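Numbering-wise, the sequence shown is residues -22 to -1, 1 to 301 according to mature numbering (1 follows the signal peptide of the UniProt record, and there is no 0). Virtual Cβ for every residue (Gly too), placed ideally from N, Cα, C. If you're wondering where the values come from, they're calculated on a predicted model, not measured in any experiment. The structure under discussion appears below in the form of structure tokens.
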Amino acid sequence: MKNKLFYMVTLLFACFSLPVHSVMTPGDNIVSEEKKLQVGISLVDLSNPFFSILAKEISNEMKKDVAGNVDVFIRSSAYDLTRQVAQLNKFIKDGVDILFIAASETEAIAPVIKMAREQGVIVAAVDIEAVGTDISVSSDNFQAGSMACGYLAEQLSGQGKVAIINGSPISSVIHRVEGCRDNLKHYPQIQLVSYQHNSSGTFSGGLESMTYLLLEYPDLDGVFAINDPSALGAEEATRQMNNRRALITSVDASPQVLERLISDDTNLIASVAQFPRAMARNAVKLALERLSGQFQEQKTTLIPTKLVTKGNADKFSQWQELK
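In structure tokens, the structure reads:
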């Protein structure tokens, strides 16, 4: 792998003298007719629209930046560490040049990342932090959780019973919950009654968690769900139990939640937007810079998030910037 990567980089730099084969600065195209770049993508849940768009945009950005001279292979780990390690080992064996991963577990994934880098593979963590990567690009998840819970507290006039529908113990979820709890400290009359129900970030998990919460706390005033799939499940629970009291906020601002926000028959009041296209652009740019030797140190980028409410949901379109 090291010899292959050395050959590729040597070839690319040799191409400076040729008018049709050149190594460009970031944002331009890297073109080599001799060898296609090999790129592996392993994300945690491709059934989640956020991750499916993230995978698609990484692929699109790679093809654009290297003039289509790339093979991209996409896999989903379904939050299964063993499955993801097997995927990454296969990518390494197949000789990929760049890996983009959303880790099933932030620390436990480290050994296979170390092995990939020892083989000369550039490893970029996207959305979820992973120990030992060359690059990490994610949303500012602490900000997202803080923003969602601050808005929830304001809509409750700073008082009432609130719960958090939690998720898998990965960095993005952990930071969102930390941000939420940190902001709620500013509202002494807000009582955080529960934060341990694990939805696994899914619709069914959100439905189950919210059902338990409403049975245990029938006077529950608000809920922060760690992502939109679990928030949609929580909303379904309020519908099934005929509860219009418990307000719901979340993170993602997915198309499905935007549709619900602009409707009248929902407990959803806000979702904090992530920007998978910006995440993909940044991750691809940094990975190509790292591949061409422009930097050696680890680089971390946080993408700012934005609050989407009933008041501005109609101006927001599928993870694009607010108009």
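Annotated three-state conformation of D292 is helix, per DSSP. Taking 8 Å as the upper bound for CB-CB distance, N144 and Q97 are not in contact here, some 36 Å apart.
At least 8 Å separates the beta-carbon of I70 from that of V48. Straight-line measurement puts the Cα of I79 at about 13 Å from the Cα of E85. In this structure, C158 sits away from S182, with a CB-CB distance that is not shorter than 8 Å. Using a Cβ distance threshold of 8 Å, I204 and V250 do not count as a contacting pair.
When the Cα atoms are used, T180 and T189 turn out to be separated by approximately 14 Å. Judged by DSSP secondary structure, A122 falls within the alpha helix (DSSP H) whose first and last residues are N119 to Q133. Runs of the beta strand (DSSP E) lying entirely within the stretch 252 to 283, each at least 3 residues long, are 277 to 281 in chain order.
DSSP places G110 in the coil class of the three-state scheme, outside both helix and strand. By the criterion of at least three beta-carbon pairs nearer than 8 Å, the stretch 219 to 231 is in contact with the stretch 194 to 203.
If you look at R159, you'll find it in the alpha helix (DSSP H) that goes S149 to L162. A straight-line Cα-Cα distance of about 8 Å links I31 and R255.
Among the bridge pairs identified by DSSP, V90 is matched with none. For the alpha helix (DSSP H) assignment, the uninterrupted runs of no fewer than 4 residues enclosed by the stretch 201 to 230 are, from N- to C-terminal side, 206 to 218. The beta carbon of Q133 is closer than 7 Å to those of L225 and I247 in its chain, skipping five residues each way along the sequence.
Straight across, the Cα-Cα distance linking E39 with V155 is about 31 Å. Exclusion of the five residues before and after T278 leaves S114 as the residues of its chain whose Cβ lies within less than 7 Å of its Cβ. When the alpha-carbon of P147 is set against those of A291, P282 and V22, the nearest one is in V22. Here the stretch 51 to 63 makes no contact with the stretch 278 to 293; the two share fewer than three CB pairs at distances below 8 Å. Here the alpha carbons of P27 and L239 stand approximately 17 Å from one another. Per DSSP, the continuous alpha helix (DSSP H) segment holding K34 begins and ends at P27 to D43. For S182, the enclosing alpha helix (DSSP H) begins and ends at F181 to E194.
S117 is not a Cβ neighbour of E107, given a cutoff of 8 Å. Sixteen is the threshold: when 16 or more other Cβ atoms of the shown chains lie within 10 Å of the Cβ of P207, as they do, the residue is buried. By the neighbour-count definition (other C-beta atoms within 10 Å, threshold 16), T60 is an exposed residue.
L198 sits in coil when the DSSP states are folded into three classes, being neither helix nor strand. Contact check for G200 against Y165 fails: the beta carbons are separated by 8 Å or more. Burial state of F120 is buried, judged by a 10 Å Cβ sphere holding 16 or more other Cβ atoms.
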